[in-house]
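In my numbering, the protein residues as written are 2 to 487. Beta carbons: idealized from backbone N, C-alpha and C, even for Gly. Predicted model only: the values in this text are computed from it and were never measured.
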């Protein structure tokens, strides 16, 4: 299994956009603005304000503005779609997605394509969703915002190279488009190419000196590069501009956690929890805080903290977060039985909540199955490993979700390493080459295959990861403590 279909489709979108722009001077249609169908001038104004706030990463505020837009015009299909796209409330997402679908016949072809894209990817119909996205971009090739929102979604799907190309196309239309500069910087940073990332950040800050997100993004990219003190400085600068910019408050906490100051990190997470009114966000911060106990190897405290988060998620009807809490607990358990119990609880949380989108459900399930394969291999239970890997393979055949594809290839690679089929393992693990577990196995596979230069490259990449994740705690930190392979 490979992600070839996704890549071909997306490259087609980029190339078609480039070809269309070359014809722009002679084709009046390329100058069309993307339509917004609403009967209310107030709703239109609120929708546009929400899109600007989305570009500037005021994510709660823009969702509220779209809610206000549909209050002014209940038949505003595009606003319903964007609430579904951005809300963190699964019940609201499901309701607004259905409302947008029901109103599709009332909008223009371009709007219908945007709704098709949003609806299909949430319902795990990635081929149809990506096709709609491509058609939308081809219909409006000179719309920088469409390039941005499509590329920004691709970044969330871990397709950083393709997202970067989208941002480059947007910047050819407007070289000073702040939102595209921001994402282009992240696209460079995620592959470890920090000089152009920081250069883009310098431009971004100059363009929006009074906005918090440029400082916030600069901080995160500095943190990714290992410059923690610089990151703290820029997070504080963002909070000075806008004290309620929750991303920067959590950024401070995440940075202290990576620095090893877990007590300070927990205090900063608590500030974020108290300040943010969004329940899903608050629970997300609590998950990050719980992870600090694992960093300190205080696993009983970690169990208490994660269990509290799981129970809170359950009470709030946030099944995806409940599943995530149990999956994270499973990752650090020393005993396979305890880990498998948590993975079972994670699966139950996914199955018992109807309001989880199909794409979120399937992607989280793929992560759980990947861990089941790893635990089965660790316990020497090949039959169980095969069973779970087969389920993953079936999912991967039926979905073009990058997350599902990566989960499958990671598990397949782990199986092949266990079977000492290192060349085949390498091909699979390369499909998940930003994940610490896969990088660790890839290093071993290269070592066994005699590819010492590749071993060095992979180990250097692994040790350089500075993301506040459980994988960083359990794999990267121990890898840094080991003697590098010669």
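C-beta contact flag for residue i and residue j at 7 Å
| i | j | result |
| --- | --- | --- |
| residue 149 | residue 181 | yes |
| residue 243 | residue 215 | no |
| residue 474 | residue 438 | no |
| residue 400 | residue 371 | no |
| residue 284 | residue 322 | yes |
| residue 266 | residue 254 | yes |
| residue 48 | residue 70 | yes |
| residue 412 | residue 374 | yes |
| residue 89 | residue 281 | yes |
| residue 315 | residue 346 | no |
| residue 113 | residue 105 | yes |
| residue 339 | residue 310 | no |
| residue 377 | residue 385 | yes |
| residue 123 | residue 358 | yes |
| residue 171 | residue 178 | yes |
| residue 184 | residue 152 | yes |
| residue 488 | residue 481 | Outside the displayed range of the chain (2 to 487) lies residue 488, so it cannot be described from this structure. |
| residue 91 | residue 279 | no |
| residue 111 | residue 140 | yes |
| residue 190 | residue 222 | yes |
| residue 76 | residue 360 | no |
Distance between beta carbons of residue j and residue i, contact taken as under 8 Å
| i | j | result |
| --- | --- | --- |
| residue 249 | residue 240 | 5 Å |
| residue 35 | residue 144 | 5 Å |
| residue 263 | residue 296 | 5 Å |
| residue 161 | residue 192 | 6 Å |
| residue 154 | residue 137 | Wrong, their Cβ atoms sit about 12 Å apart, outside the cutoff. |
| residue 127 | residue 402 | 6 Å |
Neighbourhood of residue i by C-beta, 6 Å cutoff - its chain only, sequence neighbours within 5 removed
| i | result |
| --- | --- |
| residue 220 | 232, 235, 236, 252 |
| residue 426 | 414, 417, 418, 446 |
| residue 58 | 214 |
| residue 63 | 51, 54, 55 |
| residue 61 | 279 |
Cβ-based neighbour list, residue i, same chain, cut-off 8 Å, excluding 5 preceding and 5 following
| i | result |
| --- | --- |
| residue 353 | 320 |
| residue 329 | 288, 291, 292, 307, 471 |
| residue 303 | 291, 292, 294, 295, 330, 333 |
| residue 103 | none |
Chain-order list of residues whose beta-carbon lies under 7 Å from that of residue i (same chain, five-residue window excluded)
| i | result |
| --- | --- |
| residue 466 | 437, 473, 477 |
| residue 37 | 45, 48, 79 |
| residue 469 | 255, 258, 259, 289 |
| residue 29 | Below a pLDDT of 50, predicted positions are generally treated as unreliable, and residue 29, at 44, falls in that range; no measurement from the model is reported. |
| residue 16 | With a pLDDT of only 47 at residue 16, under the threshold of 50, the placement of this residue in the model should not be trusted, and no figure is reported. |
query = Residue ranges of each alpha helix (DSSP H) run of no fewer than 4 residues wholly in the region 37 to 62, ordered along the chain?
reply = Uninterrupted alpha helix (DSSP H) stretches at least 4 residues long and entirely within the region 37 to 62 occur at 42 to 56, given in chain order.
message = Going residue by residue through the region 364 to 436, where are the continuous alpha helix (DSSP H) segments of at least 4 residues, counting only ones entirely within it?
response = 383 to 399, 403 to 419, 423 to 430
query = At which residue ranges does the region 200 to 280 contain complete alpha helix (DSSP H) runs of 4 or more residues, listed in the order of the chain?
reply = 213 to 226, 229 to 242, 247 to 260, 263 to 276
message = Restricting to runs no shorter than 3 residues, where is the beta strand (DSSP E) found entirely within the region 309 to 362?
response = Runs of the beta strand (DSSP E) lying entirely within the region 309 to 362 and spanning at least 3 residues: none are present.
task = Run through the region 128 to 201 for me and flag every whole alpha helix (DSSP H) of 4 or more residues, listed as ranges in chain order.
result = 145 to 157, 161 to 174, 179 to 190
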